[in-house]
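What follows is a single structure, written as structure tokens, with notes after it.
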Amino acid sequence: MENTTYNSPTRFGYEILRDHVIPSILGKHEDEILYWVGKEIARKFPVFSIEEVPAFFIEAGWGALVLEKTTKDEAFYTMTKGDITTTENRSCQLEAGFVAEQFQKLNGFLTECYGEVRAKDGLVRFHVKWDVKTTI
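This note's numbering numbers the first residue of the sequence shown as 16 and each following residue consecutively.
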């Protein structure tokens with residue numbers, strides 16, 4: 016077992032589910048399914064502005080989400096580890112799906128988000144892209 020100290024039983028349970036149970040059940044389809052689950056979570060827990068998304072990430076224990084840059088049809092975020100989040104060997108598509116759905120709901124355009132863990136520092140980079148020609 017990895018030599019990790021857990022601050023609470025909740026964290027330990029979350030880590031077991033997220034890092035071992037879910038990947039075992041979902042197998043090679045983990046990323047795709049987690050993306051759609053993230054979108055469903057966003058529908059059940061809607062925010063009222065894009066500025067609320069980072070607060071949701073903190074409350075969910077996913078990590079600190081920081082807006083790096085926006086343009087007319089895309090946004091870039093970086094996520095650092097949260098209290099109950101490690102990024103090593105973990106899919107970040109749950110969070111990407113959540114971000115995509117929140118942006119789509121709020122801006123009214125077809126939106127996708129791609130999340131990628133940067134190996135050198137363990138940070139997650141999210142690229143949110145919406146199609147201003149395709150309204151929802």
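Note that the Cβ used here is the ideal one computed from N, Cα and C, for glycine as well.
Counting every other CB atom within 10 Å of its CB across the protein chains shown gives G112 a total of 16 or more, marking it as buried.
By the C-beta density criterion, L49 is buried, having at least 16 other C-beta atoms within 10 angstroms. Between the alpha carbons of T25 and N104 lies a distance of about 20 Å. Residue pairing for V81: DSSP places it in a beta bridge opposite T93.
Residue pairing by DSSP places H142 opposite F91, Y129 in a beta bridge. According to the DSSP assignment, L32 belongs to no alpha helix (DSSP H), since it is labelled neither H nor E.
In the three-state DSSP reduction, V147 falls in the strand class (E or B). Considering only T95, T86, Y129, Q117, the residue with the shortest C-alpha distance to K135 is T95. When the five nearest sequence neighbours on each side are left out, the beta carbons in the same chain lying within less than 8 Å of the beta carbon of V81 are those of P69, Y92, T93, M94, T95, in order along the chain. If you compare the alpha carbons of D46, K84, F141 with that of R133, the shortest gap goes to F141.
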